[in-house]
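What follows is a short report on a single structure.
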Amino acid sequence: MHRVLLSGLITIFTASAAFAQQADHYTAMSNTAMSITGDVWLDDFSIKFENGETLEFSDLVADHFNANGRLVPASVYRVKEPADPELQNGNQLCGSGDVTFVASWADGSETTAIAVFTGKQAPRSSSEMCALYTYEDPK
Numbered sequence: 135m136h137r138v139l140l141s142g143l144i145t146i147f148t149a150s151a152a153f154a155q156q157a158d159h160y161t162a163m164s165n166t167a168m169s170i171t172g173d174v175w176l177d178d179f180s181i182k183f184e185n186g187e188t189l190e191f192s193d194l195v196a197d198h199f200n201a202n203g204r205l206v207p208a209s210v211y212r213v214k215e216p217a218d219p220e221l222q223n224g225n226q227l228c229g230s231g232d233v234t235f236v237a238s239w240a241d242g243s244e245t246t247a248i249a250v251f252t253g254k255q256a257p258r259s260s261s262e263m264c265a266l267y268t269y270e271d272p273k
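Position 98, counted from 1, in the sequence shown is what the working numbering calls 232; the numbers after and before it change by one each time, with no gaps.
Put into structure tokens, the structure is as follows:
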């Protein structure tokens with residue numbers, strides 16, 4: 135009986151560890167990313183910042199986005215519990231209110247843009263963002 139229980143617990147922990155490792159690691163590239171967020175780990179469930187702070191997502195609300203006047207494939211997530219976490223050097227992710235949405239899209243060859251928003255409605259374009267960060271894509 136104990137052997138079966140122990141085997142089940144080991145399976146659960148192994149699956150949890152494998153799931154946690156599925157987030158893609160993005161290396162900070164822009165000055166704002168380097169000084170505020172540092173590197174980030176992003177998947178369909180959350181974004182984790184270099185200092186360990188995390189924003190969890192409740193759902194994907196759009197798969198396209200208007201970035202600088204052009205419609206691009208993107209992931210726009212609703213933040214489960216809106217917040218404006220303190221990140222590197224005492225800086226906040228947005229600095230003008232709790233972040234309610236996070237959008238990410240390819241921003242050139244081997245780079246990803248991540249924008250954050252404070253509005254109540256899902257953002258339709260980058261003109262609504264409170265901050266933009268650029269990262270090197272995972273290798």
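Ideal Cβ placement from N, Cα and C applies to all residues, glycine included.
Any idea which residues DSSP pairs residue i with across the strands?
{"i": "A217", "result": "V233"}
{"i": "Q226", "result": "E220"}
{"i": "E270", "result": "T161 and T245"}
{"i": "S238", "result": "S209 and I248"}
{"i": "D193", "result": "R212"}
{"i": "I181", "result": "L176 and L189"}
{"i": "S259", "result": "N200"}
Which same chain residues, not among the five before or five after residue i, have their C-beta less than 6 Å away from its C-beta?
{"i": "Q226", "result": "D218 and E220"}
{"i": "T188", "result": "S180 and K182"}
{"i": "A237", "result": "F199, A208, V210 and A249"}
Using C-beta distances below 8 Å, list every residue in its chain close to residue i, excluding the 5 sequence neighbours before and after it, in chain order.
{"i": "D241", "result": "A201, A247 and T268"}
{"i": "W239", "result": "F199, A201, V206, P207, A208, S209, T246 and A247"}
{"i": "D193", "result": "Y211 and R212"}
{"i": "E262", "result": "F251 and G253"}
{"i": "G175", "result": "With the sequence shown as reference, residue 175 is identified as Trp, and Gly is not the correct amino acid for it. Result list for W175: A157, D158, H159, Y160, I181 and K182, in chain order."}
{"i": "A256", "result": "V195, A196, V210, R212 and F235"}
Could you confirm whether any beta carbon from chain D is found closer than 9 Å to the beta carbon of residue i?
{"i": "S260", "result": "This model lacks chain D altogether; it includes just one protein chain."}
Please return the same chain residues whose Cβ sits closer than 7 Å to the Cβ of residue i, not counting the five positions on each side in sequence.
{"i": "F179", "result": "E190 and F191"}
{"i": "D177", "result": "Q156, A157 and D158"}
{"i": "A162", "result": "M168, T171, G172, D173 and Y269"}
{"i": "C228", "result": "D218, V250, T252, C264 and A265"}
{"i": "F147", "result": "At F147, the pLDDT of 40 sits below 50, so the modelled position is not reliable; the number obtained from the coordinates is stated separately. Result list for F147: empty, nothing under 7 Å."}
{"i": "S164", "result": "Y267 and T268"}
What residue from the options has the CA that sits closest to residue i's CA?
{"i": "V233", "options": "N223, K214 and G224", "result": "K214"}
{"i": "G231", "options": "E244, Q222, P216 and G203", "result": "P216"}
{"i": "Q222", "options": "A237, G186 and F235", "result": "G186"}
{"i": "S259", "options": "S164, T188 and F235", "result": "F235"}
{"i": "D271", "options": "R204, G203, A256 and S243", "result": "S243"}
Quick test of your reading: residue i and residue j, contact by CB under 8 Å. State the CB separation rounded to the nearest angstrom.
{"i": "T171", "j": "F183", "result": "5 Å"}
query: Three or more beta-carbon pairs under 8 Å between the segment 237-250 and the segment 259-272, yes or no?
result: yes
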